[in-house]
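Accompanying notes for the structure given below.
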Amino acid sequence: MESTYALDAQGINKFFHHPAEFQVLKDISFKARKGEFLSLVGKSGSGKSTLLYVLSTMDTDYDGTLTINNQSLTGKGQNHLAAFRNANIGFVFQFHYLLPEFTALDNVMLPAMKLGKRSKEEIRQKALDKLQLLDIKDQAYKPANKLSGGQQQRVAIARALINDPAIIMGDEPTGNLDSKNTDIVFDIFRQLAKYEGQTIIAVTHDDDFAAKSDRVLELSDGYMVR
2 MESTYALDAQ GINKFFHHPA EFQVLKDISF KARKGEFLSL VGKSGSGKST
52 LLYVLSTMDT DYDGTLTINN QSLTGKGQNH LAAFRNANIG FVFQFHYLLP
102 EFTALDNVML PAMKLGKRSK EEIRQKALDK LQLLDIKDQA YKPANKLSGG
152 QQQRVAIARA LINDPAIIMG DEPTGNLDSK NTDIVFDIFR QLAKYEGQTI
202 IAVTHDDDFA AKSDRVLELS DGYMVR
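Per our numbering, numbering through the sequence shown is continuous, rising by one, with the last residue being 227.
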């Protein structure tokens with residue numbers, strides 16, 4: 002039977018070993034349902050960005066178990082995890098990390114070209130569909146460095162969606178935006194979760210952003226306190 006959960010993390014413990022041993026994550030356990038919009042909050046140093054890196058499979062030095070899209074990922078090799086990430090996890094960061102000289106369309110196409118499961122024409126059409134979904138298709142052929150900050154972040158979200166990932170993970174996805182564009186990005190995430198069944202886990206310092214999401218996970222001193 003197919004699970005209703007996109008992500009299941011159980012008993013996650015994480016230590017830093019330099020300059021001295023320090024436990025940064027302490028017995029973190031939670032599940033994220035398909036189509037759920039989660040905000041991960043906590044003071045600076047609480048462990049939230051570290052947790053996101055563990056959940057994203059980029060940090061494999063932890064104790065506990067991690068399952069995403071019904072696949073157990075704990076103990077898997079780097080090549081396996083890199084391929085899994087490209088197919089199953091979309092990333093949206095505080096800074097969009099678009100290639101400035103590439104068009105918006107080319108930037109969105111890149112992860113699907115790397116995955117190599119569709120023809121270039123199919124990928125191009127799908128990328129245009131994602132730009133349309135984010136109401137930015139009219140900017141498809143403009144170089145990324147000619148777009149506004151809000152437009153660039155929408156292109157970055159379209160890029161995160163191109164491979165139909167199980168989860169979108171955001172690291173301060175509105176941290177570099179003004180209030181108007183923050184609201185636009187939040188509304189996009191809300192619609193993706195509600196209408197596209199997209200699971201979203203976003204680290205944020207924005208209390209209003211967090212309060213409007215489906216569920217808030219708060220870390221304090223490495224523990225999940227709510």
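No residue lacks a Cβ here, since even glycine has one placed at the ideal position from N, Cα and C.
Taking all protein chains shown into account, do 16 or more other C-beta atoms lie within 10 angstroms of the C-beta of residue i, making it buried, or fewer, making it exposed?
i      : result
LYS121 : exposed
SER45  : exposed
ASN164 : buried
SER4   : exposed
GLN152 : buried
HIS97  : buried
SER180 : exposed
ARG86  : buried
LYS118 : exposed
PHE187 : buried
PRO166 : buried
GLN140 : buried
GLN154 : buried
Could you give the distance in angstroms between the alpha-carbon of residue i and the alpha-carbon of residue j?
i      : j      : result
ASP209 : THR175 : 11 Å
SER30  : ILE124 : 37 Å
LYS49  : HIS81  : 25 Å
ASP60  : SER73  : 15 Å
LEU56  : GLN79  : 14 Å
HIS18  : ALA128 : 42 Å
ASP162 : PRO20  : According to the sequence as given, residue 162 is Leu; it is not Asp. Near 38 Å, if we compare the C-alpha coordinates of PRO20 and LEU162.
VAL25  : SER47  : 8 Å
Which partner residues of residue i appear in the DSSP bridge assignment?
i      : result
GLY171 : VAL93, ALA203
PRO144 : THR104
ASN87  : DSSP output for ASN87 lists no bridge partner at all.
MET225 : LEU220
VAL109 : DSSP lists no partner for VAL109.
SER40  : ALA203, VAL217
LYS15  : LEU26
Rounded to the nearest angstrom, how far is the Cβ of residue i from that of residue j, given a contact under 8 Å?
i      : j      : result
ARG191 : ASN108 : So it is not a contact: roughly 24 Å between Cβ atoms.
LYS143 : ALA113 : The pair is not a contact, with the Cβ atoms about 20 Å apart (cut-off 8 Å).
LEU39  : ILE201 : 7 Å
TYR63  : LYS32  : No, TYR63 and LYS32 are not in contact; Cβ-Cβ is about 17 Å, not under 8 Å.
With DSSP run on the structure shown, which of helix, strand or coil describes residue i?
i      : result
GLY48  : coil
GLY151 : helix
LYS32  : strand
SER73  : strand
ASP179 : coil
LEU26  : strand
ILE185 : helix
TYR196 : helix
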